[in-house]
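Here is the structure we will look at, set down as structure tokens.
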Amino acid sequence: MRDGSSLKTQNSRTGQAISEKDYPYSDYSTSRIEWSDEDFIFSGEHLPIEISRGCIFRCNFCANPAFKRKGELDKESKVLRYELERNYERFKTTGYMFCDDTYNDTIAKVREYHEVISKLPFNLEWTGYGRADAIKRHPEMAQLMAESGLKAMLIGIETLHPIAAKGVGKGLHPNVLKDTLYYMKDVWGDSVTITGSFIVGLPGEPEESIWETVEWLNTKGCPVDEAIFSPLNIRAPTDNENSPMSKISMDPARYGYSLISSDLGKGISSHGPAWENEFMHKARAEELARSAQQSCQDSQPIGNWAVYSRLRSLGYQEHEFKGKSSFDENFLLDAQNRKDIMMQNYYNKLME
Numbered sequence: 001m002r003d004g005s006s007l008k009t010q011n012s013r014t015g016q017a018i019s020e021k022d023y024p025y026s027d028y029s030t031s032r033i034e035w036s037d038e039d040f041i042f043s044g045e046h047l048p049i050e051i052s053r054g055c056i057f058r059c060n061f062c063a064n065p066a067f068k069r070k071g072e073l074d075k076e077s078k079v080l081r082y083e084l085e086r087n088y089e090r091f092k093t094t095g096y097m098f099c100d101d102t103y104n105d106t107i108a109k110v111r112e113y114h115e116v117i118s119k120l121p122f123n124l125e126w127t128g129y130g131r132a133d134a135i136k137r138h139p140e141m142a143q144l145m146a147e148s149g150l151k152a153m154l155i156g157i158e159t160l161h162p163i164a165a166k167g168v169g170k171g172l173h174p175n176v177l178k179d180t181l182y183y184m185k186d187v188w189g190d191s192v193t194i195t196g197s198f199i200v201g202l203p204g205e206p207e208e209s210i211w212e213t214v215e216w217l218n219t220k221g222c223p224v225d226e227a228i229f230s231p232l233n234i235r236a237p238t239d240n241e242n243s244p245m246s247k248i249s250m251d252p253a254r255y256g257y258s259l260i261s262s263d264l265g266k267g268i269s270s271h272g273p274a275w276e277n278e279f280m281h282k283a284r285a286e287e288l289a290r291s292a293q294q295s296c297q298d299s300q301p302i303g304n305w306a307v308y309s310r311l312r313s314l315g316y317q318e319h320e321f322k323g324k325s326s327f328d329e330n331f332l333l334d335a336q337n338r339k340d341i342m343m344q345n346y347y348n349k350l351m352e
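Heads up: the sequence shown is residues 1 to 352, going by full-length UniProt numbering.
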């Protein structure tokens, strides 16, 4: 540290992390990232930008510790505009990965940022996270986000089983949720790629419900362009005392789970102890998630929420990858080649 002290870190599931416990910070609304020439940003490169911190929702499976009230910790409009215009002037950046747990958590925020973006001297593109139930409450959000430059969004659907949805704090009935997703696709058309995330092993959801979800996802005209299936992970209190815990992890029995062991799993998606409920155990949930994922693979698009900005940074125009499958080998080879060239150019700049 500048004062000569050692950097303090806390243990976390993914390694050592800097904690707000050691370094309190509260000026989120006015904080900004100022990229410099030493960052070697390429001309037109899409960048990450923090829009807000924390989440106003409290899903029972989620361990996000940054709970906030509506409107709290949102970036001030003038600060957001400053960052966007500065990056455009310095790097010709017109695209972003919005870092925000839920971009459309309030209609006031969506309207405010829509006004900021509409006054920019360039057309903005962005990807991010959102919720369908917020659009159900405020349908105008869909159009406002499209006009703001939305290109791809991850929607936390989690389940289409009514009992499971209610049990984890997702209040919108699955049939209403589906109708909302169809409405979103009607407004957005093919200009926005919708990715839906699903969790296997939620309380009250049997295996057959997962396969019913897969069947719907594979129907012609389904509004969800891409699906991501993950098994439910429950943390034991002794796993890491510094890591946040979900409501389910804090009291598994209340949600119908028994913890079988505290041994950490070896699989890529296996975190925390093994568990079981009335319908399945953790190993089966992992297997089912893999099977469900494979059953939806044929229609997986390339330009999803996690990849769109990266492809644009590689120099692709949107029409060059829109509609392409993630199994298009020729395109993937070309993208890898462009990535290798870009990384070599970055390395050369570092070595100058």
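From the three backbone atoms N, C-alpha and C, an ideal C-beta is built for every residue, glycine too. Here the structure is a predicted model, which means the values were calculated and not measured.
Check, Outcome
"Should the region 219–237 be regarded as contacting the region 196–205, the criterion being three or more beta carbon pairs within less than 8 Å?", "yes"
"Mind checking LEU7: buried by the 16 CB within 10 Å criterion, or exposed?", "exposed"
"Helix, strand or coil for MET141, going by three-state DSSP, please let me know.", "helix"
"Using beta-carbon positions only, say whether LEU332 and ALA285 come within less than 8 Å of one another.", "no"
"May I ask which residues mark the beginning and end of the alpha helix (DSSP H) holding GLY167?", "162–167"
"Quick check on TYR82: does DSSP put it in helix, strand or coil?", "helix"
"Helix, strand or coil: how does DSSP classify THR219 here?", "coil"
"Using alpha carbons as the reference points, say which of SER5, ILE163, PRO244, THR193 lies closest to CYS222.", "THR193"
"Please report how far the alpha carbon of ILE41 lies from the alpha carbon of GLY128, in whole angstroms.", "21 Å"
"So residue 388 and TRP126 are in contact, right, with Cβ under 8 Å, and what is the actual spacing, rounded?", "Because the chain is modelled from 1 through 352, residue 388 falls outside the range shown and cannot be assessed."
"Can you name the start and end residues of the beta strand (DSSP E) that LYS151 belongs to?", "150–158"
"Starting from the Cα of residue 356, find the closest Cα among SER118, GLY323, MET342 and give me that residue.", "As displayed, the chain neither begins before 1 nor continues past 352, which places residue 356 out of reach and without an answer."
"Considering SER118, what are the terminal residues of the alpha helix (DSSP H) in which it resides?", "107–118"
"Counting pairs of beta carbons, one from the region 213–221 and one from the region 242–261, are three or more of them closer than 8 Å?", "no"
"Which runs of the alpha helix (DSSP H), 4 residues or longer, sit entirely within the region 307–350?", "308–313, 318–321"
"Taking one C-beta from the region 46–59 and one from the region 9–27 each time, how about it: are there three or more such pairs within less than 8 Å?", "no"
"Considering only residues of the same chain and omitting the five flanking positions on each side of ARG310, which have a CB-CB separation below 8 Å?", "HIS46"
"Check whether the Cβ atoms of ALA142 and TRP188 lie closer than 8 Å to each other.", "yes"
"How would you call GLU20, buried or exposed, if buried means at least 16 neighbouring beta carbons within 10 angstroms?", "exposed"
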